[in-house]
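**Q**
Protein chains: 4
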Amino acid sequence: MSSAKIRLGMVGGGQGAFIGEVHRIAARLDNRFELVAGALSSDPQRATDSAAELGIDPKRSYASFEEMASREGKLKSGIEAVAIVTPNHLHCAAAKAFLKAGIHVICDKPLTANLDDAEALATLATESGLVFTVTYNYSGYPMVRQARQMVAAGKLGNIRIIQIEYAQDWLATNIEASGQKQATWRTDPDQGGAGGSIADIGTHAFHLAEFVSGLKAKSLLADLDAFVVGRSLDDNANILLHYSNGAKGMLWCSQVASGKENGLQLRFYGSRGGLQWSQEDPNYLQYTPLGEARQTLTRGGSSVGESAAAATRIPAGHPEGFLEGFANLYRETADLIEAHRQGDSTESLVPTVSDGLRGMRFIEKAVASNQAGSIWQSLEK
Amino acid sequence: MSSAKIRLGMVGGGQGAFIGEVHRIAARLDNRFELVAGALSSDPQRATDSAAELGIDPKRSYASFEEMASREGKLKSGIEAVAIVTPNHLHCAAAKAFLKAGIHVICDKPLTANLDDAEALATLATESGLVFTVTYNYSGYPMVRQARQMVAAGKLGNIRIIQIEYAQDWLATNIEASGQKQATWRTDPDQGGAGGSIADIGTHAFHLAEFVSGLKAKSLLADLDAFVVGRSLDDNANILLHYSNGAKGMLWCSQVASGKENGLQLRFYGSRGGLQWSQEDPNYLQYTPLGEARQTLTRGGSSVGESAAAATRIPAGHPEGFLEGFANLYRETADLIEAHRQGDSTESLVPTVSDGLRGMRFIEKAVASNQAGSIWQSLEK
Amino acid sequence: MSSAKIRLGMVGGGQGAFIGEVHRIAARLDNRFELVAGALSSDPQRATDSAAELGIDPKRSYASFEEMASREGKLKSGIEAVAIVTPNHLHCAAAKAFLKAGIHVICDKPLTANLDDAEALATLATESGLVFTVTYNYSGYPMVRQARQMVAAGKLGNIRIIQIEYAQDWLATNIEASGQKQATWRTDPDQGGAGGSIADIGTHAFHLAEFVSGLKAKSLLADLDAFVVGRSLDDNANILLHYSNGAKGMLWCSQVASGKENGLQLRFYGSRGGLQWSQEDPNYLQYTPLGEARQTLTRGGSSVGESAAAATRIPAGHPEGFLEGFANLYRETADLIEAHRQGDSTESLVPTVSDGLRGMRFIEKAVASNQAGSIWQSLEK
Amino acid sequence: MSSAKIRLGMVGGGQGAFIGEVHRIAARLDNRFELVAGALSSDPQRATDSAAELGIDPKRSYASFEEMASREGKLKSGIEAVAIVTPNHLHCAAAKAFLKAGIHVICDKPLTANLDDAEALATLATESGLVFTVTYNYSGYPMVRQARQMVAAGKLGNIRIIQIEYAQDWLATNIEASGQKQATWRTDPDQGGAGGSIADIGTHAFHLAEFVSGLKAKSLLADLDAFVVGRSLDDNANILLHYSNGAKGMLWCSQVASGKENGLQLRFYGSRGGLQWSQEDPNYLQYTPLGEARQTLTRGGSSVGESAAAATRIPAGHPEGFLEGFANLYRETADLIEAHRQGDSTESLVPTVSDGLRGMRFIEKAVASNQAGSIWQSLEK
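Protein chains in written order, with our numbering: chain A, 1 to 381; chain Y, 1001 to 1381; chain G, 2001 to 2381; chain F, 3001 to 3381.
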C-alpha cells in the first residue's frame, strides 16, 4: 500500500450536497485517494467556496467539468480519476468528457438520465479501456458480500423467491414545492430522467438482487404511482420480476412510506434455505437453512467467509456502517486503478458501467410496463 | 355470563388433525361452549375413538355430518352450533346441512372449494337468519384490532400503500408424496379447490388487509407458481392489488419460503403515518407517525384503545398468542349466538359468511389472472 | 385422557382479582379440571357473586377456606385439589387446612409470608403424601424447558455466569395510596411478608436460574431499595449470587423500572456456549455456541428437544404465551394427581413445595443481607 | 475548516495492532489531522516497516517515544499532538514525555496501569495547559449524546436505577497461552495493570454511566473472577454501585460471556421514564416515558436534539458505526487544539485526563472490594 495516492477530482458535490461529502469520506477512509481538483458546483461562487473549504488549490477549482476534463487531462500530475456526483442528467456528458481525457470515472447511480445515453456511454467506456465504476454502494456491505458468497456456494439450493424492498419516507409530503434541493432535482424529469423512486432507489434494489443471487432478471411488470399531488415522477413502485432460472421476484420501492428511513431489505429463498439482510442493521445476516435452527451471521465473526472478511475493517460487535460500505467501492476502484497503472488487471466485485447500463434498462422497462397497464416487459436486450 | 353454555358440535377434527384441536381449545378458553356432539372423521373407527377421547357421549358421535345435522336438529337439547373443520371441499355441503337444521355455523376458511358454492352458501346463510362465522382467526388478535381502530381514527391519514405477506416453508419439499395428512389435501385440487397457498393462507392476508384498512380491493393481478415438482396447486403467489381509494398493494404468500414458520405480516402506509404488525410477535404494533419518533404499542398497555382492550385477557408484558386470538372469534360468536337466543342482535368484528365469500372471489380471480398471464382482474361483483 | 376430570376448588380469586382468572383459564385449557367449589373472597357478597358468575353451585361457595376444607374433605365427590390464590399471608393456613383434609394443593408463590411458616408447611406437605405444586409458572414455558434440557446435555459446558432480571414498572408511582388492590397487599408487610419485589417477582427469577442451570445458589448479597416515598417493602433489588459450581450470578428485580412491562430475562454463559430467553418473546431461545453462528431456536421447531415439545400445543410460528405456559403446570399437576389416583408416581418438572420453601429462604436472606449492609448470606440450610 | 491540518504523531499501533488503525481512521475521517511521525513499535524493524506502510517520512519514524518527543518538540513543524495507543503500562511515561515537550496528548484508556501514576499524570496534564483527551470512544456515539441530553432535560425525572453491562467472549478460552497479541498483554498484570476486564472494558461502562446520567458513583462493591484456568486478572466482574443522588447501579463486564461480541448496553430508569442503548445497534435509542407508548429515537431523525445532531454525518437510516463514533472524539479534540492555537478555549464533551483518572479509581476500588470479600468502597477521593 505504499504506492502513491490516486489523484482524484470531483464534479458536483459542492456545499449543501449530501452525496458529494459521502464520496469524499469514502475516498479518504482507506487513504488511497487525494482530492486535488473539482468542478464542485454550477454556481461559480459556490464552486470556489466549496473548493477552498476542501483545501483544493484554487487553480484546480473549475467552473465547468468541460474545462476541468480538458485541463486536468493535459496536466503532468493531473487527476487520474474523477468522481461524478451531480444530478443524473449531467452524468453522461461529464463522464464522456473525462473518458475522452483519459481519466478513470467513478459515477454515481443511476448511470444517466435515459437508456440511449447509457448505451452510448457504456460503449465509450468499454472502448476506452479505462476504469469505470458505478456506486451501487450497498453492494459494498460485507454481509451483502457474504450473502452472495453463500448463494454461490449453494447454501440456498435453487433460488425460488426473491423479495426486495427499498422504502423511505422523505418524499411523503411535497417538499420539492419548498425548494428542498435533494428533492427538487429528483422529482424533476428534466434532471432526474424518466424514473423517480425507481431511479433513485429502485435501481439499487434491482442491482442487489442480481448481485447476490447471481441471477439475471429476464422480465418485469410494474405498477407505479406518484401519490403526492403535483409530482410527475413515481414515488412508489410495485414490481414483479421473472428471473432467468425460473425464480420469481417482488420489488417494492417507495419514498412515501411514512416511518421508513432507508429501509432496504433483501430476502432470498431457495430449495435448501433462506437469507435475509437489512441495510439498517447491516452487520448481521439471517440465514435459515431449511429444517434447522435459524442462524445469525455477524460481520467479522468466525462464520463468515473470505468475501465479507476482505470488506471488513474492525472486529465483530464493532458496527460498521454506510460509510464503510461505500468506502469499499472506493478501495476496490483504487485496486482497479492501481492494476491499470501496472498495465495489469484484477478481479473485482465493484459495479461497473455495465451494471449502470442494466439499471437504466430496469428504469425504462418499468416505466413502459406501467404505461401499458402493467404488462410484462423483457429486460433482455 | 352466567347463562348456559352453548352446545357445540364438530365436523372433522378427529385424531391427527391440527385445526380441530385449535377450535376446541378456543371454544373452551372462555367457558362459553360445551362440546357435546361430533362427526369427527370420515373413518368410522377414528370418529368413535376421537369422540371417546374427547368425552363425547358415544350416542352423539356420528358417522356422517348428514346424520349429525339431521338428528341434532331434532333433539330437544341438540347442538346450537357446529364447528366445521374438514378439508375445504366438504365445507359447503356440511354447512348447508346444519343451516337447514337450524344450527349456527362456525366454518373454517376458505369458505368452500369454489366461488359458485360460496355464493350459494352465502345466500342460504343470509336467508337463514342464523349466525355464520368464518375463522379468519388472525383478525382476533388484539393488536390487529388496535390497528383497525387507529386507521379508522385517521392516524395514518389517507392510506397509500398496503404491504401484506404470509410466508411459510412447510411445503418447501414434496411432503405430500409421503402422505403427510395436512399437506395431502391442501395440495389436491379435488379437496382444496383451485387455490393452494392463496386459499390456505393468502385468504387470511387478503382479509386482514381489508379488515384493518377499511378499504376494499377493487382489482388484482397475480403471478402464481408451484415450485415443488409434481405439485398442481400454487405454493407461491406474487399479487398486486388496487384498492378503492387509490391505495396500491402487494400481497406475497408462500409455503416454500425456506426458514419462514408462520410469517404473516401487515404494513400500511398513509399520508400521516404507518403501521406494522407481525403475527409471530403479536403483542406489539409498530406505529410510525410521519416525522415523529417510532412508537411501539403493546397489548394491554396504556396506549391502546377499547377495541384491543376488549380482546385482551391478561396485562401487558404477559404474552397472549395464537390460541387467545382464535378464542376471541369464539367468544364473539358466542355473543352473537347469545343475542340470537334473546331474539336480539349485536355489533361484532367477527368475520362472517360474506367475508368468506369475498375470500373465494380473491382465490378465483387470482387463478384467472395468473392463467391469463398476470392481467388485472376485477374483484367487484 | 378419557379419565374423569379432576374436581377443583379455589381459595381467593374473586371478582377484581387477576391471578385467580389466570389459574382458572390454565385449569380449563387442557380440559383436565372442573371447578366445582370456592371460597373466592373474604367479602361474603363478593364470594357469592363470584361463584355464581363462574357457574359454581351456591352450596359449594364458601365463606371461608376453613369451612370449605372441612366440608369438601367429607363430601363423597368433594374436591380433589384446591388452588390457593390469595395474598401471601393466607397461603399457609389455607394450604394446611386442605392438606389436613386430604386435598391436593396448587399454591401460588411465594409459598408463605415467612420462612418459618414455609418450613412447617413443607414438612406437613411432605408427610401428607399429597400433591403440592407451586405456580412458578414461568418454568412452564416450553423454551425454558428447552434451555434446561440443553444445559443438562452439556451444550454450555461448565456454566460460569448467570444473569437474571425481572423488571416491571407498575409500582413506579405510589399507586397503593389510591387503593389499587394488587398493589395494596403486595406493598403491605402484613399481607405480603418481608419481601416486596423480591417476593413478588424475584422468587420467580431465582427459581428459574436454578431450574434451568441445574445449579444451586449457595450464597447471596443484596442491596434493596424502596424508591417510592412511603413504601415500606423493597421495589428494587440488586443481588449477587454464588452458585455451587463456582458460577457467579447477578439478579436484578424491580417494579419501578419505567417502561418495563414484565421483563423477565434469563442468560447463562458457559465454557462452550450461551443461552438467552426473554419472557416477553417466549417462543424463541437464543443459543450462542462459542465460536459459531448465533442460533435462534423456535418453539415447535425441528431443533428443539422432547422436553419443550411435550410442553407445546401448536406448531412453530403460531405463538403460545403466558396462559399456555401456566397451563402446563396445571396439566402436569393433573398428571401427578392422576398418578396419585392410581397409587402410582410419576416424574415431573412442575415446581413443588420444596421449591416454594427455597424461594422463602431467598427472600429472608436477601432481606438479612441488605439489613447488614450487603453482606454475603448462606442459602444453605 | 480551512485552517491547516493538525500534525499528529503516534506511539504504538504498528503492524498487527488493532486499536492503532482505529485511531488512524478516526483521525482521517474528518480530514483534520495528518499523521507525520511515529514510534510505532518497540521492535525497530516493525517500527520502520509500519511507518513506511503508512507513508511516514523515515526520518520521523522513531525507535522510542522518548526520542520522538524530544526531537518533535524541537522541530519547527513538529507534531502538535500525539496519539498513545500502546499497552497500558506505557501510557504514563509516554504521555509525560510529550506533555513535557509541549505536545497535546490523545491517550487510549485506561489512563495508566495504576492509580498513583494516573494522579501524577493528571496533575502534570492540568498544569501543562495542553489538551489531553482520553478515548472513552463510546461516548462519541450520537445516541449516547442524545441520552445524556435527554437525562439533563429531565426526561427521566429522578434517576433511580442504572444497569450497565459490557460483555464479550474473546477471552472465553485461554488464547493468551497461544500468544495472541491482544490477549497476552491484557491478561498480564505487568502490562495491563491490576484490572483485567474491569480495565479493558469495565472502565468504558463506568464512564458511560456517569457521562449519560450526569451522576457520580460514590461507592462500589465488586465480585471478580478469573474463570479461565491460569489467568491472573479478572475476566468477569459483577459490581454494585451507589450513585450520588441515591440511584443504585449494577455493572457487569465480562470477556468470557460465550456468544457476546461487543455487548455494551446502557439502561437508565427514572421516576418519569427509561432509556436503553446498545452499542451493537448504535443508531437507535429506546425511550420509555412512563405510562406512554415506547419510542425508538433514530440517529439523524427529527426527534433527536442538537447534541446528537452535532455528532452525526449522514441521514437517518444510513447507519453510522464504531469508527464514526470514535472519530467524533478526534474531531472534538481537533476543536480543542484549534482553540488552543487561537489562545482560546471551547466547551467539549470529549473525555479528558480527569475522566481517565476516575476510571483508574474505579479499577483500584473494584480490586480492593473484591479482595476484601465484596465490601463497599468509596469512590470519592
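Glycine residues also receive a C-beta, built at the ideal position from the N, C-alpha and C atoms.
(1) Under three-state DSSP, which class holds Tyr-1138(Y)?
(2) Quick check on Ala-3172(F) - is its C-beta less than 8 angstroms from some C-beta in chain G?
(3) At which residues does the beta strand (DSSP E) containing Gln-1948(G) begin and terminate?
(4) Apart from the five residues on each side of it in sequence, which residues of its chain come closer than 8 angstroms, Cβ to Cβ, to Lys-2005(G)?
(5) For Trp-3252(F) versus Met-3143(F), is the C-beta spacing smaller than 8 angstroms?
(6) Across which residues does DSSP place Cys-2107(G) in a beta bridge pair?
(7) Excluding the 5 residues preceding and the 5 following Glu-1364(Y) in the sequence, name in chain order all residues of the same chain whose CB lies nearer than 7 angstroms to its CB.
(8) In chain order, what residues of the stretch 1289–1303 of chain Y put their CB closer than 8 angstroms to some CB of chain F?
(9) Using a 10 Å radius around the Cβ and a threshold of 16 neighbouring Cβ atoms, would you call Ser-1178(Y) buried or exposed?
(10) According to DSSP, simplified to helix, strand and coil, what is Asn-3328(F)?
(11) Looking at chain Y, which residues of the stretch 2314–2332 of chain G have a Cβ within less than 8 angstroms of any of its Cβ atoms?
(12) From the DSSP output, which residues share a beta bridge with Arg-2294(G)?
(13) List, in chain order, every chain F residue whose beta-carbon is nearer than 9 angstroms to that of Ile-337(A).
(14) So, helix, strand or coil for Leu-1323(Y), using DSSP?
(15) For Glu-2383(G), is the classification buried or exposed, using 16 other Cβ atoms within 10 angstroms of its Cβ as the cut-off for buried?
(16) Locate the alpha helix (DSSP H) running through Asn-370(A), then write down its first and last residues.
(17) So that I know if they touch, is there some Cβ in chain F lying closer than 8 angstroms to that of Ala-2257(G)?
(18) Please name the residue in Ile-1106(Y), Gln-1191(Y), Gly-1016(Y) whose C-alpha comes closest to that of Leu-1008(Y).
(19) In three-state DSSP terms, what is Ser-3219(F)?
(20) Are three or more beta carbon pairs between the stretch 2091–2099 of chain G and the stretch 2280–2295 of chain G nearer than 8 angstroms?
(21) Within 8 angstroms of any Cβ in chain G, is that where the Cβ of Asn-1262(Y) sits?
(22) Kindly say whether Arg-3028(F), judged by its beta-carbon, lies nearer than 8 angstroms to any beta-carbon of chain A.
(23) Which word fits Asn-3328(F), buried or exposed, when buried means at least 16 other C-beta atoms lie within 10 angstroms of its C-beta?
(24) What is the rounded straight-line gap between the Cα of Asp-2225(G) and the Cα of Tyr-3269(F)?
(25) Measure the C-alpha to C-alpha separation of Val-1036(Y) and Val-1011(Y) and round it to an integer number of angstroms.
(26) Give a yes or no on whether 8 angstroms exceeds the smallest Cβ distance from Met-2150(G) to chain F.
(27) Closer than 9 angstroms between beta carbons: that is the criterion. Which residues of the stretch 2009–2026 of chain G meet it against chain Y?
(28) Does any CB atom of chain Y fall closer than 8 angstroms to the CB of Phe-206(A)?
(29) Please work out which residues of its chain come closer than 7 angstroms, Cβ to Cβ, to Tyr-3141(F), disregarding the five sequence neighbours upstream and downstream, and give them in chain order.
(30) Beta carbon of Tyr-243(A), beta carbon of Ala-217(A): below 8 angstroms?
(31) Strictly below 8 angstroms CB to CB, what residues from chain Y border Asn-236(A)?
(32) Counting Cβ pairs closer than 8 angstroms, one from the stretch 3070–3083 of chain F and one from the stretch 3043–3058 of chain F, do we hit at least three?
(33) Using a cut-off of 7 angstroms between C-beta atoms, extract the partners of Pro-1282(Y) located in chain G.
(34) Hey, is the stretch 3155–3172 of chain F in contact with the stretch 3292–3308 of chain F, meaning 3+ C-beta pairs nearer than 8 angstroms?
(35) The beta strand (DSSP E) that contains Leu-2251(G), what's its start and end?
**A** Concretely, from the data shown:
(1) Translated into positions along the second sequence, residue 1138(Y) becomes position 138. Reduced to three states, the DSSP call for Tyr-1138(Y) is helix.
(2) Numbered from its first residue, the fourth sequence carries residue 3172(F) at position 172. Taking Cβ atoms only, chain G reaches closer than 8 angstroms to Ala-3172(F), which makes this a yes.
(3) There is simply no residue 1948(G) to check, as chain G begins at 2001 and stops at 2381 in what is shown.
(4) The count along the third sequence starts at 1 and reaches residue 2005(G) at position 5. Correct list, in chain order: Asn-2031, Arg-2032, Phe-2033, Glu-2034.
(5) Numbered from its first residue, the fourth sequence carries residue 3252(F) at position 252. Numbered from its first residue, the fourth sequence carries residue 3143(F) at position 143. For Trp-3252(F) and Met-3143(F), no; Cβs fall outside 8 angstroms.
(6) The count along the third sequence starts at 1 and reaches residue 2107(G) at position 107. Partner(s): Ile-2084(G), Val-2134(G).
(7) Start at 1 with the first residue of the second sequence, and residue 1364(Y) comes out as number 364. Answer for Glu-1364(Y): Leu-1115, Ala-1194, listed in chain order.
(8) In summary, the residues of the stretch 1289–1303 of chain Y whose CB is separated from some CB of chain F by less than 8 angstroms are Gly-1291, Glu-1292, Ala-1293, Arg-1294, Gln-1295, Thr-1296, Leu-1297, Thr-1298, Gly-1301, Ser-1302, Ser-1303, in the order they occur in the chain.
(9) Residue mapping note: residue 1178(Y) aligns to position 178 of the second sequence, counting from 1. Around the C-beta of Ser-1178(Y), fewer than 16 other C-beta atoms lie within 10 Å, and the residue is accordingly described as exposed.
(10) Residue mapping note: residue 3328(F) aligns to position 328 of the fourth sequence, counting from 1. DSSP places Asn-3328(F) in helix when its eight states are reduced to three.
(11) Under the 8 angstroms Cβ criterion, the stretch 2314–2332 of chain G contributes Ile-2314, Pro-2315, Ala-2316, Gly-2317, His-2318, Pro-2319, Glu-2320, Gly-2321, Phe-2322, Leu-2323, Glu-2324.
(12) As a first step, residue 2294(G) is located in the third sequence; it is residue number 294 there, counting from the start. According to DSSP, Arg-2294(G) shares a beta bridge with Thr-296(A).
(13) Numbered from its first residue, the first sequence carries residue 337(A) at position 337. Result: empty, since nearest Cβ-Cβ is about 17 angstroms, beyond 9 angstroms.
(14) What you label residue 1323(Y) is simply residue 323 of the second sequence in a count that begins at 1. Of the three classes helix, strand and coil, the one that applies to Leu-1323(Y) here is helix, per DSSP.
(15) Residue 2383(G) is absent from the structure shown; chain G starts at 2001 and stops at 2381.
(16) Here the question's residue 370(A) lines up with position 370 in the first sequence. Residues 353–371.
(17) Taking the third sequence and counting its residues from 1, one reaches residue 2257(G) at position 257. For Ala-2257(G), a Cβ of chain F is located within less than 8 angstroms of the residue's own Cβ.
(18) Position 8 of the second sequence holds residue 1008(Y). The option with the nearest alpha carbon to Leu-1008(Y) is Ile-1106(Y).
(19) Translated into positions along the fourth sequence, residue 3219(F) becomes position 219. Reduced to three states, the DSSP call for Ser-3219(F) is strand.
(20) Judged by Cβ distances under 8 angstroms, the stretch 2091–2099 of chain G makes no contact with the stretch 2280–2295 of chain G, as fewer than three pairs qualify.
(21) Position 262 of the second sequence holds residue 1262(Y). Output row for Asn-1262(Y): interface = yes.
(22) The count along the fourth sequence starts at 1 and reaches residue 3028(F) at position 28. At least one C-beta of chain A is nearer than 8 angstroms to the C-beta of Arg-3028(F).
(23) What you label residue 3328(F) is simply residue 328 of the fourth sequence in a count that begins at 1. Under this definition Asn-3328(F) is a buried residue.
(24) Working through the third sequence from its first residue, we reach residue 2225(G) at position 225. Working through the fourth sequence from its first residue, we reach residue 3269(F) at position 269. Taken atom to atom, the span from the alpha-carbon of Asp-2225(G) to that of Tyr-3269(F) is near 14 angstroms.
(25) Locating residue 1036(Y) in the second sequence gives position 36, counting from the first residue. Locating residue 1011(Y) in the second sequence gives position 11, counting from the first residue. Note on geometry: alpha-carbon atoms of Val-1036(Y) and Val-1011(Y) lie some 12 angstroms from one another.
(26) Position 150 of the third sequence, counted from the start, is the residue given in the question as residue 2150(G). Nearest CB-CB separation between Met-2150(G) and chain F: not below the 8 angstroms threshold.
(27) Taking 9 angstroms as the Cβ-Cβ cut-off, the stretch 2009–2026 of chain G approaches chain Y at Phe-2018, Glu-2021, Val-2022, Arg-2024, Ile-2025, given in chain order.
(28) On the first sequence, residue 206(A) is found 206 positions in, with the first residue counted as 1. No - not a single Cβ of chain Y is within 8 angstroms of the one on Phe-206(A).
(29) In the fourth sequence, residue 3141(F) corresponds to position 141, counting from 1. Counting only Cβ-Cβ distances below 7 angstroms, and skipping sequence neighbours, we find Pro-3282, Gly-3325.
(30) What you label residue 243(A) is simply residue 243 of the first sequence in a count that begins at 1. What you label residue 217(A) is simply residue 217 of the first sequence in a count that begins at 1. Yes, the pair counts as a contact, with Cβ atoms nearer than the cut-off.
(31) Here residue 236(A) refers to the residue found at position 236 of the first sequence. Among the residues of chain Y, those whose CB is under 8 angstroms from the CB of Asn-236(A) are Arg-1160, Ile-1161, Lys-1248, following chain order.
(32) The stretch 3070–3083 of chain F vs the stretch 3043–3058 of chain F: no contact.
(33) Reading the second sequence from its first residue, position 282 is the one you call residue 1282(Y). Near Pro-1282(Y) (Cβ distances below 7 angstroms), the residues of chain G are Pro-2319.
(34) With the cut-off at 8 angstroms, the stretch 3155–3172 of chain F and the stretch 3292–3308 of chain F do not touch.
(35) Here residue 2251(G) is taken as the residue at index 251 of the third sequence, counted from 1. Secondary structure note for Leu-2251(G): its beta strand (DSSP E) is the uninterrupted segment 2248–2254.
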